[in-house]
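Colleague: Just so you know, we're using the numbering used here here: the sequence shown kicks off at 8 and counts up by one. Built from N, CA and C at the ideal position, the CB exists for glycine as well. Predicted, not measured: the structure shown is a model, and the values here were computed from it. Quick one: the structure is below, and I'll ask about it shortly.
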Amino acid sequence: MLLTRLKRNLCRKHLHTYIFSGSLLLFLTVALINVITECNINNINETPNRVCMASYYMTLILTASGEKNCTRIIRGDDNEIRKALLNNLIVKNRKVCASPKEYLDATKDCKAFRKKRKYIEFSLSKEEVDFPIAYSMVIHDNVEMFERLLRAIYAPHNIYCIHMDKKSPESFQEAVRAITSCFHNVFVASKLENVVYASWSRVQADLNCMKNLLQSKVEWKYLINTCGTDFPLKTNAEIVSTLKSLNGKNSMESESPPSFKKRRWGYHYVVKPDTNYIARTDIKKEPPPVPVPIFSGSAYIVVTVEFVKALFENPIAKQFIQWAKDTYSPDEYLWATLNRVAVMPGYLPAHLKYDISDINAIARLVKWQSLEGELKNGAPYKQCTGTHRREVCIYGTGDLNWMLQQHHLFANKFDPHVDDNVIQCLEEYLRYKAFHPLVDLF
Ligand SMILES: *[C@@H]1O[C@H](CO)[C@@H](O)[C@H](O)[C@H]1NC(C)=O
């Protein structure tokens with residue numbers, strides 16, 4: 008009696024197991040067929056569906072090297088951060104960047120290069136396709152960092168103009184050209200400048216790219232300019248949604264200048280031929296031909312396509328550009344001032360109430376050494392965990408948790424020789440986020 012019941016129970020139990028494993032097998036087969044027939048990463052015509060996204064992520068995953076756990080670092084885990092910072096100090100772990108020669112070789116087979124470097128060669132959403140972004144990238148050294156930055160911001164429907172310094176080494180220029188030749192939407196500016204620190208040439212480099220970008224067939228909506236020490240903090244989808252929320256306004260630092268800066272546009276400056284230095288003369292300059300005072304800001308901006316067009320078409324913009332050519336560091340006031348002139352699309356009124364600091368603009372997150380301190384004492388941010396260059400923090404692993412909670416699209420500065428762990432974790436994070444837009448990692 009007991010035995011038969013036991014037997015029957017056992018059978019029923021087995022029956023459940025059979026049904027369960029049967030349906031599991033069926034489900035897996037269907038999923039597999041789905042993956043094989045529909046999730047073909049080499050043949051994506053539309054934006055992928057959710058099932059495929061998971062399978063593509065497994066192919067395109069970027070994982071930081073070594074033993075660090077980026078999830079913990081991003082969450083601000085002190086132990087994990089301390090370990091990673093110590094790791095930076097160990098000489099044998101010092102980062103050696105890939106050389107121009109290595110990139111020249113790797114790009115001989117473009118398809119293999121894009122695959123090996125795990126570029127996302129398809130658009131991840133329709134919102135992104137409908138909102139193309141133009142990038143002006145002004146670089147002068149370290150081909151590996153240029154390529155990692157490009158990979159981090161790359162989307163096939165965007166458009167990228169690269170300006171490399173005319174005086175940068177031939178090998179570097181060749182490698183950059185080789186990389187750009189592997190993408191239909193990445194090109195080198197048609198005119199290259201010899202970029203002299205703090206001189207007009209820095210602005211001209213961006214203008215050369217802007218002109219070329221306006222000539223492109225891509226109907227981009229906003230322009231973002233970057234340099235070789237920038238890295239994004241947001242995915243392309245997040246950048247698109249932030250730009251949309253600007254409602255046609257530009258976003259950049261633009262404030263009343265401190266008085267010590269006024270001599271920068273009060274005198275005529277010259278770059279002596281065959282030197283790479285800018286020097287002040289005693290010749291005073293006429294007042295600027297704009298109906299507003301000069302505002303100071305940053306070389307890094309987020310502007311609409313209409314703003315960029317106006318730079319080449321609007322008489323006031325053109326005169327101001329002409330006037331600014333012999334001043335000191337015009338990149339740090341030209342955009343900031345034009346953005347306060349009422350004829351410029353996307354501008355903000357020149358009134359003090361519209362002043363925007365670098366922290367409140369979304370263009371670039373920078374930690375200024377002189378402003379670092381204790382939050383409880385009113386400082387805007389904590390101590391830099393990397394090092395400083397020209398009074399700006401080169402980020403360390405301990406800055407990542409804070410950085411990712413800011414609204415800025417990009418941060419500056421990064422240097423793999425100072426801290427490559429922070430860049431690797433950022434790469435891992437952004438790639439995860441691109442494929443899991445709804446997951447909160449914090
Ligand atoms: C990294 O840390 C997270 C959070 O503590 C943990 O869930 C995850 O498993 C860890 N990853 C690895 C590879 O150890």
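Please classify F421: is it buried, with 16 or more other beta-carbons within 10 angstroms of its beta-carbon, or exposed?
Modeller: buried
Colleague: If you drop the 5 nearest sequence neighbours on each side, which residues of the same chain put their C-beta closer than 6 Å to that of R101?
Modeller: none
Colleague: Let me know the secondary structure DSSP gives A141 once reduced to three states.
Modeller: strand
Colleague: Just the Cα atoms here: how many angstroms apart are E237 and L345?
Modeller: Going by the sequence as given, residue 237 is Asp instead of Glu. When rounded, the distance between both Cα atoms is 24 Å.
Colleague: Please report the distance separating the alpha-carbon of H415 from that of P107.
Modeller: 31 Å
Colleague: Assign N232 to one of three DSSP states: helix, strand, or coil.
Modeller: Here N232 sits in strand by DSSP.
Colleague: Which class does L407 belong to by DSSP, given the choice of helix, strand or coil?
Modeller: helix
Colleague: Classify L372 as helix, strand or coil using the three-state DSSP reduction.
Modeller: strand
Colleague: State the Cα-Cα distance for the pair N215 and E200, rounded to the nearest angstrom.
Modeller: 9 Å
Colleague: With a threshold of 16 other CB atoms inside 10 Å of the CB of E226, please say whether the residue is buried or exposed.
Modeller: Classification of E226: exposed, given that the 10 Å Cβ count is below 16.
Colleague: Using a threshold of 8 Å, is the CB atom of R79 nearer than that to any non-hydrogen atom of ligand 1?
Modeller: yes
Colleague: State the beta-bridge partners of S258 as determined by DSSP.
Modeller: V309
Colleague: Quick one: what does DSSP say S303 is sitting in, helix, strand or coil?
Modeller: strand
Colleague: Assuming R158 is part of the alpha helix (DSSP H), what are its boundary residues?
Modeller: V150 to I160
Colleague: Short of 7 Å in beta carbon distance, which residues of its chain neighbour L221, apart from the five on each side in sequence? Order them along the chain.
Modeller: So the list reads V315 and K316, once near-sequence residues are dropped.
Colleague: Buried or exposed: I68, going by 16 or more other Cβ atoms within 10 Å of its Cβ?
Modeller: Burial is judged here by how many other beta carbons sit within 10 angstroms of a residue's own beta carbon; I68 has fewer than 16 and is exposed.
Colleague: What would DSSP say about R396, mapped onto helix, strand or coil?
Modeller: strand
Colleague: In the DSSP assignment, the alpha helix (DSSP H) including C104 goes from what residue to what residue?
Modeller: Where C104 is concerned, there is no enclosing alpha helix (DSSP H), given that its DSSP letter is neither H nor E.
Colleague: Taking the alpha carbon of R438 as the reference point, which residue from I88, F302, R124 and D85 has its own alpha carbon closest?
Modeller: R124
Colleague: Where does the unbroken alpha helix (DSSP H) through F120 begin, and where does it stop?
Modeller: C117 to K123
Colleague: Does the distance from the C-beta atom of D243 to that of L131 stay below 9 Å?
Modeller: Sequence check: residue 243 is Asn here, not Asp. Against a cut-off of 9 Å, the Cβ pair of L131 and N243 comes out as a contact.
Colleague: Please identify the residue among F442, L448 and F449 whose C-alpha is closest to the C-alpha of V58.
Modeller: F442
Colleague: With H, G and I counted as helix, E and B as strand and the rest as coil, what does DSSP make of F190?
Modeller: In the structure shown, F190 adopts coil according to DSSP, grouped into three states.
Colleague: With a threshold of 8 Å (Cβ to nearest heavy atom), would R438 be considered close to ligand 1?
Modeller: Outside the cutoff, so no.
Colleague: What are the boundary residues of the beta strand (DSSP E) that includes A418?
Modeller: Counting along the chain, the unbroken beta strand (DSSP E) around A418 starts and ends at F417 to N419.
Colleague: Is it true that the CB of K292 sits closer than 9 Å to the CB of T334?
Modeller: yes
Colleague: List the endpoints of the continuous beta strand (DSSP E) containing D84.
Modeller: That residue, D84, is in no beta strand (DSSP E); it is neither H nor E in DSSP.
Colleague: Once the 5 residues before and after K174 are set aside, which same chain residues still bring their CB inside 6 Å of it?
Modeller: N201
Colleague: R89: beta carbon under 8 Å from a heavy atom of ligand 1?
Modeller: It does not: the Cβ of R89 is nowhere closer than 8 Å to a heavy atom of ligand 1.
Colleague: For A386, count neighbouring Cβ atoms within 10 angstroms of its own Cβ and tell me buried if that reaches 16, exposed if not.
Modeller: exposed
Colleague: Are the beta-carbon atoms of D365 and A306 separated by less than 9 Å?
Modeller: no
Colleague: Taking contact to mean at least 3 C-beta pairs separated by less than 8 Å, is the stretch 284 to 291 in contact with the stretch 244 to 261?
Modeller: no
Colleague: To which residues does DSSP link P239 through a beta bridge?
Modeller: F417
Colleague: By DSSP's criteria, V278 is part of a beta bridge. Which residues make up the other side?
Modeller: I285
Colleague: State the Cα-Cα distance for the pair T233 and A370, rounded to the nearest angstrom.
Modeller: 10 Å
Colleague: Cβ of V150 within 9 Å of Cβ of I127?
Modeller: no
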